[in-house]
Amino acid sequence: MKWILFFGALIGPSICGREKFFGDQVFRINVRGGDEISKLSQLLNSDNFKLDVWKSPSAFSHPVDVLVPSVSLQPVKSFLKSQALQYSVTIADLQIYHEMDNIAGEFPDLAHRLKIGHSFENRSMYVLKFGTAEGRRRPAVWLNAGIHSREWISQATAIWTARKIVSDYGKDPAITSILEKMDIFLLPVANPDGYVYTQTKNRLWRKTRSLNSRSPCIGADPNRNWNSSFAGAGTSNNPCSEVYHGPHANSEVEVKSVVDFIQQHGNFKCFIDLHSYSQLLMYPYGYTVNKAPDAEELDEVARCAAKALASLSGTKYQVGPICTTVYPASGSSTDWAYDNGIKYAFTFELRDTGHYGFLLPANQIIPTAEETWLGLKTIMEHVRDHLY
Amino acid sequence: MQPRRPPPPAPGPPRPAAPLLALPLLLLAVQGAAAPAGPEAAEWRPDTGPPHGLLRQAARAALHFLNFRAGSPSALRVLAAVQEGRARINAKKECTVDLVFTTERYNSEEGEESLGKCSARVFFRNRKPRPAVNVTCARLMEKTKRQQEDYRLYKQMKQLRNPLDGVSIPDSHGHIDPSLRPVWELAFLGSSYVMWEKTTRFLHYYMAQLSGVKQWETNDGAIDFDYTVLLHEFSTQEIIPCRIHLVWSPGKPLTVKYHCQELLAPEDASGTEEGSAVAPTELSNF
Chain A
1 MKWILFFGAL IGPSICGREK FFGDQVFRIN VRGGDEISKL SQLLNSDNFK LDVWKSPSAF
61 SHPVDVLVPS VSLQPVKSFL KSQALQYSVT IADLQIYHEM DNIAGEFPDL AHRLKIGHSF
121 ENRSMYVLKF GTAEGRRRPA VWLNAGIHSR EWISQATAIW TARKIVSDYG KDPAITSILE
181 KMDIFLLPVA NPDGYVYTQT KNRLWRKTRS LNSRSPCIGA DPNRNWNSSF AGAGTSNNPC
241 SEVYHGPHAN SEVEVKSVVD FIQQHGNFKC FIDLHSYSQL LMYPYGYTVN KAPDAEELDE
301 VARCAAKALA SLSGTKYQVG PICTTVYPAS GSSTDWAYDN GIKYAFTFEL RDTGHYGFLL
361 PANQIIPTAE ETWLGLKTIM EHVRDHLY
Chain B
1 MQPRRPPPPA PGPPRPAAPL LALPLLLLAV QGAAAPAGPE AAEWRPDTGP PHGLLRQAAR
61 AALHFLNFRA GSPSALRVLA AVQEGRARIN AKKECTVDLV FTTERYNSEE GEESLGKCSA
121 RVFFRNRKPR PAVNVTCARL MEKTKRQQED YRLYKQMKQL RNPLDGVSIP DSHGHIDPSL
181 RPVWELAFLG SSYVMWEKTT RFLHYYMAQL SGVKQWETND GAIDFDYTVL LHEFSTQEII
241 PCRIHLVWSP GKPLTVKYHC QELLAPEDAS GTEEGSAVAP TELSNF
């Protein structure tokens, strides 16, 4: 028992009234025998670490999922290491998942949390569905975020937006009328494995974490993996490249989960993918300089959205087709959506323009989310008024 | 107290002697290498104009070069907007861009609205880095104010205590401790040299994060420090780690030596294939 007390002493006074889960992690601990179960049970029953069991130790060789508060991370890791208990981190920052749960719980008639699949490392992929009518496949909007894991402003903006939707419904005429006619599906973390990796190992990781059969390099670029001019311009067939397209289209399970869901639904009218950085609002195509058939209309909508966005704090966005505004990119989500009948397909590159880049300071999250919301609403209002 | 840098294995680079120009109205007028004379095969039609991306690319190259040559961490500039420009491509696919653009201060305070105007000629060699730059800018900051701020930054650097090498700047959440701001700004100055050298017609860079910062004591009071900068490369999206060694004193030209990991390497491999470029310290050989 000595080691429990020793490690327990490293924590300070108990943690009261915890509401935020910032920095908390979920450890998956492998137990392979009675001895390990007993050690683990003592750890879990100890008051000092305030551990929360998500999945109990029951039988041999079943992993236990334990929520470890951020203050306990170091001592718990030391304890596990000293007892030779194997573990991995399944969820690194719980804020987003908990918030999704809270939103669905607080607004059960408006928001539902759906699991649409899982990641390569077997993390759940959760989507929030916002809608006011049950059981019908109404025209729908897909908001995609966090496909490139290092673009943290994307996931943060998405979860803020989720809260905004439920808070403003019934008060803001715009979102109220949008939801009267359409459903909104929001995927805040399209690349969960990458996201965990950015929190635990490499802040600048971009791709998935899938294994490549003939290379030590890991992951494919999930935004080059869609089935639209797959392996075309602006991609690489080198698994070590940040724009590696993957062995084939939809090879990345994270991408396939979204594709399958959208195709099964069959009634999406709008697809918006949130990235950072550069402050751009773009529409197809990325894979060719040729104009998309709806380019003129999309350009107009994008300009209106950029204007609305700028109206809040003056943040300037450039507007145009992906290929000539940023660079050629094939196999992108937005191009796939467009070529699959989802006319209103846009990509946002959020703040900033390079000063902080991916490492946007936390104090810019809310201003970014607020201005982006104005842009998103403009697009959704146009979709609402031009359903096809 | 900073430790002393261990003596280099080879003789160090010669100290640059040429002082910077300091005319009252022009901050800087710097000459890059002259574009070679040659038949000019292609020029954009007046109705289409050069792609906006090309103009921005040229502006970036010009600004990195300008920032490096100005050698002042408190007078760093970033691109505000390209106003006009034209470009020519010759038979060898070398590209000359003439442009006018506005800039703002890199470390601008809230509400500060100074848009220094610049005109530049940038010559991109065919897919090769190190564009030749000739840039002239209207002064953005009063000379004495700039000197004062440089000196203030200098003093802050001198007061920093090692070890800093475990620290990332900014941290994962974009936060830079106020005491480390000078490090960031000086590092941006040094990185400007590297980013200028690496910029081509198609590739450009931003500074993503610093780590491994080590400051050394010097005999002449100069700031001497090493750091690793992660450069974000467009459009490949690669993160390029560069080890930079910087020596600076207020009012004196900067000396920069660097070594970047160039080629795509398997994850966790440590520099089995590395490109290396030791920067000349004076650019008079244009």
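Those protein sequence lines, which keep their order, are chains A and B.
Quick note: the first sequence, position 338, residue 338 per UniProt numbering, numbers continuous.
Quick note: the second sequence, position 220, residue 220 per UniProt numbering, numbers continuous.
We treat Cβ as the ideally placed atom computed from N, Cα and C, and that holds for glycine.
What you are looking at is a predicted structure, and each value in this text was computed from that prediction instead of being measured.
- Under DSSP, A111(A) forms a beta bridge with F130(A).
- At least one beta carbon of chain A lies nearer than 8 Å to the beta carbon of L230(B).
- Rounded to whole angstroms, the separation of the alpha carbons of V229(B) and H259(B) is 10 Å.
- Of all residues in the segment 203 to 216 of chain A, only R203, L204, R206, S215, P216 come within less than 8 Å of chain B when Cβ atoms are compared, listed by chain position.
- In this chain, A233(A) is not harboured by any beta strand (DSSP E), its DSSP state being neither H nor E.
- Residues of the segment 120 to 139 of chain B with a C-beta less than 9 Å from any C-beta of chain A: none at all.
- By the neighbour-count criterion, in which 16 or more other beta carbons inside 10 Å mark a residue as buried, H232(B) falls on the buried side.
- If you draw a straight line from the Cα of A208(B) to the Cα of Q83(B), it comes to about 27 Å.
- The distance from the Cβ of V100(B) to that of K117(B) is about 7 Å, consistent with a contact at the 8 Å cut-off.
- Relative to the Cα of T161(A), the nearest Cα in the group I96(A), N122(A), Q74(A) belongs to I96(A).
- Linking W184(B) to D165(B) through their CA atoms gives a straight-line distance of about 13 Å.
- Pairing A87(B) with V97(B) gives a Cβ-Cβ distance under 8 Å.
- Put simply, the CB of L359(A) is near chain B, with a gap under 8 Å to one of its CB atoms.
- If you draw a straight line from the Cα of A158(A) to the Cα of G170(A), it is about 20 Å long.
- Using a Cβ-Cβ cut-off of 8 Å, I239(B) is close to L204, E242 of chain A, given in chain order.
- Interface annotation for the segment 163 to 191 of chain B against chain A: S168, P170, D171, S172, H173, G174, H175, I176, criterion Cβ-Cβ distance under 9 Å.
- The beta carbon of G146(A) does not come within 8 Å of any beta carbon belonging to chain B, so the residue lies off that interface.
- Using a CB distance cut-off of 8 Å, Q83(B) does not count as an interface residue toward chain A.
- Shown in chain order are the members of the segment 207 to 226 of chain B whose Cβ falls below 7 Å from a Cβ of chain A: A208, Q209.
- Sorting Q147(B), S211(B), R243(B) by C-alpha distance to the C-alpha of G71(B) places Q147(B) at the top.
- The Cβ atoms of L73(A) and I29(A) lie no closer than 8 Å to each other.
- Leaving aside the five residues that flank H265(A) on each side, the residues in its chain whose CB is nearer than 7 Å to its CB run, in chain order, R137, A140.
- Taken through DSSP and simplified to helix, strand or coil, P75(A) comes out as helix.
- Within chain B, the C-beta atoms nearer than 9 Å to that of A362(A) come from H173, G174, H175, in chain order.
- For S276(A), the beta-bridge partners assigned by DSSP are L350(A).
- Under the DSSP definition of a beta bridge, S211(B) partners with T228(B).
- Within 9 Å of the CB of S235(B), the CB atoms of chain A belong to G234, V243, V326, Y327, P328, A329, in sequence order along the chain.
- Within the same chain, Cβ atoms closer than 7 Å to the Cβ of R5(B) are found at W216, D224, the five residues on either side in sequence being excluded.
- Per DSSP, reduced to three states, the secondary structure at V196(A) is helical.
- Taking the CA atoms as reference points, D294(A) sits about 15 Å from V319(A).
- Taking all protein chains shown into account, L309(A) has 16 or more neighbouring C-beta atoms within 10 Å of its C-beta and is therefore buried.
- The segment 187 to 206 of chain B and the segment 223 to 242 of chain A do not touch, with fewer than 3 CB-CB distances between them shorter than 8 Å.
- For S172(B), there is no enclosing beta strand (DSSP E), as DSSP gives it neither H nor E.
- Around the beta carbon of Y195(A), 16 or more other beta carbons sit within 10 angstroms, so the residue counts as buried.
- The beta carbons of K269(A) and K377(A) sit no closer together than 8 Å.
- The contact set of P51(B) on chain A, defined by CB atoms closer than 8 Å, consists of T324 in chain order.
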